[in-house]
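Trainee:
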Amino acid sequence: MQRLIRAVVCCALISSLAACIVTPPPPSRQPQPRPAPAPRPSPQVAAYERMQQIQGRIDNLRRRIDARVDAGYYPPPQGAALHRRLDVIRQESTDMAAQHGGGLSGDEQHVLNQELDTAARAIGE
486 MQRLIRAVVC
496 CALISSLAAC
506 IVTPPPPSRQ
516 PQPRPAPAPR
526 PSPQVAAYER
536 MQQIQGRIDN
546 LRRRIDARVD
556 AGYYPPPQGA
566 ALHRRLDVIR
576 QESTDMAAQH
586 GGGLSGDEQH
596 VLNQELDTAA
606 RAIGE
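If you're matching positions, the sequence shown starts at 486 in our numbering and goes up one per residue.
#1: Alpha carbon to alpha carbon, how far is Q540 from P524?
#2: Run through DSSP, which three-state label would S578 get?
#3: Does the distance from the C-beta atom of A604 to that of R575 stay below 7 Å?
#4: When the Cα of L589 is compared with those of M486, V530, R488, A607, which residue comes out closest?
#5: Does the region 541-550 come into contact with the region 592-609, if we say contact requires no fewer than three beta-carbon pairs (one atom in each stretch) closer than 8 Å?
#6: Could you check where the alpha helix (DSSP H) with P528 kicks off and where it finishes?
#7: Answer with buried or exposed for L489, where buried requires no fewer than 16 other C-beta atoms within 10 angstroms of its C-beta.
#8: Rounded to a whole number of angstroms, what is the C-alpha to C-alpha distance between Y559 and V573?
#9: Does the beta carbon of G609 sit closer than 7 Å to a beta carbon anywhere in chain D?
#10: Please list, in chain order, all residues of the same chain as D592 whose beta carbon is under 8 Å from its beta carbon, the five residues on each side excluded.
#11: Can you check which of these residues, M536, A556, V494, M486, is closest to E577 by C-alpha distance?
#12: Spatial neighbours of V493 within its chain, please: CB distance less than 8 Å, with the 5 preceding and 5 following residues excluded, ordered by chain position.
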C-alpha cells in the first residue's frame, strides 16, 4: 500500500514538474490593424498649393533673368522681353485661379508648367 501511495505521489510530482517545463504554444498571430491613411489635403488646399508652385517658379525664373542680364549674357531689352513673357504667364495663372476660388486645377497647372518650360528654355536654363 505504501508503494502505491509513493508511486501516486511520485507521478503527481513528476507531472507537476513536467507542466512547468512544457512551454505554452505561441499565441496565435492576429493581424495588426492597419494604420489610418494620412489625411489628404482638401481640394481647395491642393489647388492653392498648385498656384503657389507656379508663382514660385515664375519668381525663380525672374531672378534667373535678372542674374543673366547682370552677368551680360543678353542685353537689358531682351531681359525686359522675357520679363513681359513671365508677366503674361503670371496673369494667365491668376485668371485661371480666379475661376476656382484662388487655386489651379491639375490640368491648368500642367499647361502653365509647359509654358514655363518653354520660357525657361528661352532664358537658357
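Heads up, the beta-carbon is just placed ideally off N, CA and C, and yes, glycines get one too.
Mentor: Reading off the structure:
#1: Numbered from 1 along the sequence shown, position 55 holds the residue referred to as residue 540. Numbered from 1 along the sequence shown, position 39 holds the residue referred to as residue 524. Answer to the nearest angstrom: the Cα atoms are 25 Å apart.
#2: Here residue 578 corresponds to residue number 93 of the sequence shown, with the count starting at 1. Of the three classes helix, strand and coil, the one that applies to S578 here is helix, per DSSP.
#3: As a first step, residue 604 is located in the sequence shown; it is residue number 119 there, counting from the start. As a first step, residue 575 is located in the sequence shown; it is residue number 90 there, counting from the start. No, the pair does not count as a contact, with Cβ atoms beyond the cut-off.
#4: As a working mapping, residue 589 is identified with position 104 in the sequence shown. Ranking the options by Cα distance to L589, first place goes to V530.
#5: The region 541-550 vs the region 592-609: in contact.
#6: Along the sequence shown, one-based indexing puts residue 528 at 43. Note, P528: alpha helix (DSSP H), 528-556.
#7: As a first step, residue 489 must be located in the sequence shown, where it is residue number 4. L489 comes out exposed.
#8: The sequence position of residue 559 within the sequence shown is 74, counting from 1. The sequence position of residue 573 within the sequence shown is 88, counting from 1. Taking the straight line joining both Cα atoms gives about 21 Å.
#9: As a matter of chain content, chain D is missing from the structure shown, which is built from one protein chain.
#10: The residue you call residue 592 lines up with position 107 of the sequence shown. No residues qualify anywhere along the chain.
#11: Numbered from 1 along the sequence shown, position 92 holds the residue referred to as residue 577. With distances taken between Cα atoms, E577 lies closest to M536.
#12: Your numbering for residue 493 matches position 8 in the sequence shown. Counting only Cβ-Cβ distances below 8 Å, and skipping sequence neighbours, we find nothing.
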